[in-house]
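*Asks:* Got a structure for you, written out below as structure tokens; questions coming shortly.
Protein chains: 2
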Amino acid sequence: MHKPASTHFPLIEPIRNRWSSVIFDEKPIEAEKIGSLFEAARWAASSFNDQPWSYIVATKAQPDVYNKLLSCLMEANQVWAKKADLLAVAVANLTSTRTGKTNRHAQHDVGQANANLVLQATALGLASHQMGGFSPDRARELFEIPAGYEPLTMLAIGYPGETKSAAADLQSRDSSTRSRRPLTDWVFTGTWGTSSSLVE
Amino acid sequence: MHKPASTHFPLIEPIRNRWSSVIFDEKPIEAEKIGSLFEAARWAASSFNDQPWSYIVATKAQPDVYNKLLSCLMEANQVWAKKADLLAVAVANLTSTRTGKTNRHAQHDVGQANANLVLQATALGLASHQMGGFSPDRARELFEIPAGYEPLTMLAIGYPGETKSAAADLQSRDSSTRSRRPLTDWVFTGTWGTSSSLVE
Numbered sequence: 153m154h155k156p157a158s159t160h161f162p163l164i165e166p167i168r169n170r171w172s173s174v175i176f177d178e179k180p181i182e183a184e185k186i187g188s189l190f191e192a193a194r195w196a197a198s199s200f201n202d203q204p205w206s207y208i209v210a211t212k213a214q215p216d217v218y219n220k221l222l223s224c225l226m227e228a229n230q231v232w233a234k235k236a237d238l239l240a241v242a243v244a245n246l247t248s249t250r251t252g253k254t255n256r257h258a259q260h261d262v263g264q265a266n267a268n269l270v271l272q273a274t275a276l277g278l279a280s281h282q283m284g285g286f287s288p289d290r291a292r293e294l295f296e297i298p299a300g301y302e303p304l305t306m307l308a309i310g311y312p313g314e315t316k317s318a319a320a321d322l323q324s325r326d327s328s329t330r331s332r333r334p335l336t337d338w339v340f341t342g343t344w345g346t347s348s349s350l351v352e
Numbered sequence: 153m154h155k156p157a158s159t160h161f162p163l164i165e166p167i168r169n170r171w172s173s174v175i176f177d178e179k180p181i182e183a184e185k186i187g188s189l190f191e192a193a194r195w196a197a198s199s200f201n202d203q204p205w206s207y208i209v210a211t212k213a214q215p216d217v218y219n220k221l222l223s224c225l226m227e228a229n230q231v232w233a234k235k236a237d238l239l240a241v242a243v244a245n246l247t248s249t250r251t252g253k254t255n256r257h258a259q260h261d262v263g264q265a266n267a268n269l270v271l272q273a274t275a276l277g278l279a280s281h282q283m284g285g286f287s288p289d290r291a292r293e294l295f296e297i298p299a300g301y302e303p304l305t306m307l308a309i310g311y312p313g314e315t316k317s318a319a320a321d322l323q324s325r326d327s328s329t330r331s332r333r334p335l336t337d338w339v340f341t342g343t344w345g346t347s348s349s350l351v352e
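For the record, the sequence lines run as chains F and L. Going by the working numbering, the first sequence opens with residue 153, and the numbers climb by one from there. Going by the working numbering, the second sequence opens with residue 153, and the numbers climb by one from there.
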């Protein structure tokens, strides 16, 4: 399904076309494309270039790890995510490697890495879906994630599935309109809450 | 200056070409391009589509707000950021609008919005630089940012400046090689610290 964002100002194609699908095809993702996904995350910006991101990853060709990853998801997410060829947990290093103190941009910078990853996925013709709905405790236990590292989100990536072959509720979710708050609600000038003329 | 990332796996152009410049030209950014920057942020993914981002923004054509924004930056950043046409503070809403409780993905999702914004900037021929080096307290005071909202990063966006006309230390910073940890250091399989064969 193609659901380009309806915008007032023009966007680059990957941003315009990225959305969170719930209908995946089980077809394997080519090795080079998987490499490009994490290469994209790698080149995200981060505070003092600290690169606080790590991922635990598996494809369906690695069923032991894949099934462990799947088991961390909330059941409502497992229903559709189990079709995606690649699952991952994104983990934030909460400690600055430079100062040894808390990195207050750790989660923010993992967000940048994930954003790059899903835009690269979109450009490669892959569907993506990031999820907060999983058990960080279970991920920590299964994958021996050390203290000081926070399992932050999970990602499902794969080829888009055929709408007609999916369950009715997934078809309905997949075809829902993408929506966002208007720019004037959150782009402000000198005082909080006053819309900037730059986005009118 | 053009500094494409040196990668093993191919990347889309905006990810490949984005980097954090310290040499800007004062030339104004066209209104439609400014619109596209925030449109790009707008279409980022967020947990439960909560869209926890806001921005306080000004260009040089709005000197009162621009100078207030500039005054929030650490002096070492002011030196070069003062040339950029657009300055902004990115602010995270720490409370979920859905549950009224803490949104543990707020900073992560603002990171996704910022990543989209700087990739869109890159595609439009603009230079960008995100900064943690500013005073959140000063931003909160000057712009009346309410409790429950966290000033997280600042951004400088503008046309790239001419290398030769910049101070020697900025020329040196601008020409430094972009570097990142190898994928095998942070893309793991079943156990923490074990590199995934998917990125070898």
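Heads up, the beta-carbon is just placed ideally off N, CA and C, and yes, glycines get one too.
Rounded C-beta distance between L/Arg333 and F/Gln264? I'm assuming under 8 Å.
*Replies:* In fact, because the Cβ distance is near 15 Å, the residues do not count as touching under 8 Å.
*Asks:* Taking C-beta to C-beta, are L/Trp171 and L/Lys185 nearer than 8 Å?
*Replies:* Result no, Cβ atoms of L/Trp171 and L/Lys185 do not sit closer than 8 Å.
*Asks:* Does DSSP put F/Leu304 in a helix, a strand or coil?
*Replies:* The answer is strand: DSSP assigns F/Leu304 an E or B state.
*Asks:* Output the boundary residues of the beta strand (DSSP E) element that contains F/Asp225.
*Replies:* The residue asked about is misnamed: residue 225 of chain F is Leu in this sequence, not Asp. Looking at the DSSP string, F/Leu225 is not in any beta strand (DSSP E), and its letter there is neither H nor E.
*Asks:* What residue range is occupied by the uninterrupted beta strand (DSSP E) comprising L/Ile370?
*Replies:* One cannot answer for residue 370 of chain L here, as it falls past the ends of chain L, which runs 153 to 352.
*Asks:* Between L/Gln230 and chain F, is there a C-beta pair that is closer than 8 Å?
*Replies:* It does not; no Cβ of chain F falls within 8 Å.
*Asks:* Looking only at C-alpha atoms, which of F/Asp261, F/Ile175, F/Arg168 sits nearest to F/Ser198?
*Replies:* It is F/Asp261 whose Cα lies nearest to the Cα of F/Ser198.
*Asks:* Output yes if chain L places a C-beta closer than 8 Å to the C-beta of F/Leu222; else output no.
*Replies:* So, not an interface residue.
*Asks:* Have a look at the DSSP bridge pairing and note the partners of L/Leu238.
*Replies:* Paired residue(s): L/Thr211, L/Ile309.
*Asks:* Rounded to whole angstroms, how far is the Cβ of F/Leu276 from the Cβ of F/Ser188, which I believe are closer than 8 Å?
*Replies:* Between F/Ser188 and F/Leu276 the Cβ distance is about 6 Å, and since that is below 8 Å, they are a contact.
*Asks:* Taking contact to mean at least 3 C-beta pairs separated by less than 8 Å, is the stretch 317-331 of chain L in contact with the stretch 199-218 of chain L?
*Replies:* Segments in contact, no.
*Asks:* Any idea which residues DSSP pairs L/Gln272 with across the strands?
*Replies:* According to DSSP, L/Gln272 bridges with nothing at all.
*Asks:* Please compile the residues from chain F whose C-beta is within a distance smaller than 7 Å of the C-beta of L/Thr247.
*Replies:* Here the premise fails: no neighbours, minimum Cβ distance about 14 Å.
*Asks:* Does the Cβ-Cβ distance between L/Leu225 and L/Ala210 come in under 8 Å?
*Replies:* No, these two residues do not count as a Cβ contact at 8 Å.
*Asks:* Does F/Arg290 get closer than 8 Å to chain L when you measure Cβ to Cβ?
*Replies:* Chain L contact via Cβ: absent.
*Asks:* For F/Glu296 and L/Gln282, I'd like the C-alpha separation in whole angstroms.
*Replies:* Cα to Cα, F/Glu296 sits roughly 33 Å from L/Gln282.
*Asks:* Ignore the nearest five residues each way along the sequence and tell me which others in F/Gln259's own chain have a CB closer than 8 Å to its CB.
*Replies:* Cβ neighbours of F/Gln259 beyond the five flanking positions: Ala244, Glu302, Leu304.
*Asks:* For a quick check, are the C-beta atoms of F/Trp344 and L/Pro298 less than 8 Å apart?
*Replies:* Yes, Cβ-Cβ distance for F/Trp344 and L/Pro298 is below 8 Å.
*Asks:* Strictly by DSSP, which residues pair up with F/Gln264?
*Replies:* None; F/Gln264 has no bridge partner.
*Asks:* Which same chain residues end up closer than 7 Å to L/Gly313 when comparing Cβ atoms and leaving out the 5 residues on each side of it in sequence?
*Replies:* Here the set comprises Ile175, Phe176, Asp177, Lys235.
*Asks:* Under 7 Å between beta-carbons, which chain F residues line up against L/Leu304? List them in chain order, please.
*Replies:* Within chain F, the residues near L/Leu304 are His260.
*Asks:* Output the distance between the C-alpha atoms of L/Ser328 and L/Met153, rounded to the nearest integer angstrom.
*Replies:* Using only the alpha carbons, I get a separation of about 11 Å.
*Asks:* In this structure, how does DSSP classify F/Ser347 when only helix, strand and coil are distinguished?
*Replies:* It is a strand residue.
*Asks:* Check the Cβ of F/Ile175 against every Cβ in chain L and list those closer than 7 Å, keeping chain order.
*Replies:* Here the premise fails: no neighbours, minimum Cβ distance about 17 Å.
*Asks:* Please find out if some non-hydrogen atom of the ligand ATP comes closer than 7 Å to the beta-carbon of L/Tyr218.
*Replies:* The ligand content of the structure shown is nil, which means the ligand ATP is not present either.
*Asks:* Quick one: residues in its chain with C-beta nearer than 6 Å to the C-beta of F/Arg168, no 5 flanking neighbours on either side, listed in chain order?
*Replies:* Correct list, in chain order: Pro156, Ala157.
*Asks:* Determine the DSSP secondary structure at F/Thr336, reduced to helix, strand or coil.
*Replies:* In the structure shown, F/Thr336 sits in a helix (DSSP, three-state: H, G or I).
*Asks:* Of all the options L/Arg290, L/Asn255, L/Asn268, which has the alpha carbon lying nearest to the alpha carbon of L/Ser280?
*Replies:* Per the Cα distances, L/Asn268.
*Asks:* Using the rule of at least 16 other Cβ atoms within 10 Å of the residue's Cβ for burial, across every protein chain shown, is F/Asp237 buried or exposed?
*Replies:* Answer is buried; the Cβ neighbour count reaches 16.
*Asks:* When DSSP labels each residue in this structure, what does L/Val217 get in the three-state scheme?
*Replies:* Three-state result, L/Val217: helix.
*Asks:* Do we get a CB-CB distance below 8 Å when we pair L/His154 with the residues of chain F?
*Replies:* Chain F, which has no Cβ nearer than 8 Å to the Cβ of L/His154, makes this no.
*Asks:* Pull out every residue of the stretch 206-222 of chain L whose Cβ sits closer than 8 Å to any Cβ of chain F, in chain order.
*Replies:* The stretch 206-222 of chain L vs chain F, Cβ under 8 Å: Ser206, Tyr207, Ile208, Val209, Ala210, Thr211, Gln214, Asp216, Val217, Lys220.
*Asks:* Using the beta-carbon of each residue, which ones in chain F are nearer than 7 Å to L/Ala192?
*Replies:* In chain order: Leu163, Ile167.
*Asks:* By the three-class DSSP mapping on this structure, what secondary structure does L/Val152 have?
*Replies:* Because chain L spans 153 through 352 in this model, residue 152 of chain L falls outside it and cannot be assessed.
*Asks:* Looking at chain F, is there any beta carbon in it that lies within less than 8 Å of the beta carbon of L/Glu227?
*Replies:* Taking Cβ atoms only, chain F never reaches closer than 8 Å to L/Glu227, which makes this a no.
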